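Visitor:
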Amino acid sequence: MGVRVPPALHLKREKRIKEMEALKIGGSWFGTIVLGVVSLGVATAFFLNRTRVSKFVGEVHGELLKCSWPWDASETGVKKYRELIDSTTVVALTTLVLAAYTSGFDFLISRVVGWLVRF
Numbered sequence: 000m001g002v003r004v005p006p007a008l009h010l011k012r013e014k015r016i017k018e019m020e021a022l023k024i025g026g027s028w029f030g031t032i033v034l035g036v037v038s039l040g041v042a043t044a045f046f047l048n049r050t051r052v053s054k055f056v057g058e059v060h061g062e063l064l065k066c067s068w069p070w071d072a073s074e075t076g077v078k079k080y081r082e083l084i085d086s087t088t089v090v091a092l093t094t095l096v097l098a099a100y101t102s103g104f105d106f107l108i109s110r111v112v113g114w115l116v117r118f
């Protein structure tokens, strides 16, 4: 007596290869395996520390509730975001002024040092 082997399944090899190629991340199996192992490690860490993670998320939520957000919920339209727009404008203008000051000072110092080196 012997062992009888069933006939092979009639699957299209090219289709299986294309399906497997679609699973590659970044065009290589190495990246796919590394991402899988890292994802599994992160999921395991979250699972093992789920009480601490849950406590942390709860604390973050509580702190975010205490924040003063830069818009008025009772207003509608653009008026709702007036404080946000004003704050953003102040930050943008301050950044431009400081960039101009820094660039001007750099230009002046480079000219003075260049003059001293040639002197």
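79 is the number that numbering that gives the first Met the number 0 gives to position 80 of the sequence shown; each next residue is one higher, with no gaps.
Here a beta-carbon is modelled for each residue, glycine too, at the ideal position from N, C-alpha and C.
Remember, predicted model here, so these are calculated numbers, not experimental data.
Note the first and the last residue of the continuous alpha helix (DSSP H) segment covering GLU82.
Guide: 81-117
Visitor: How about the stretch 34-47 and the stretch 56-67: do they share at least three Cβ pairs that are nearer than 8 Å?
Guide: no
Visitor: What number of angstroms, rounded off, separates the C-alpha of VAL77 from the C-alpha of PRO69?
Guide: 13 Å
Visitor: In whole angstroms, give me the CA-to-CA distance for TRP114 and THR101.
Guide: Each residue's Cα considered, the two are about 20 Å apart.
Visitor: Roughly how many angstroms separate the alpha carbons of PHE55 and LEU107, rounded to a whole number?
Guide: Taking C-alpha positions only, PHE55 is separated from LEU107 by approximately 50 Å.
Visitor: Between LEU34 and ILE24, is the Cβ-Cβ spacing less than 7 Å?
Guide: yes
Visitor: Let me check one thing: in DSSP terms, what residues is ILE24 bridge-paired to?
Guide: SER27
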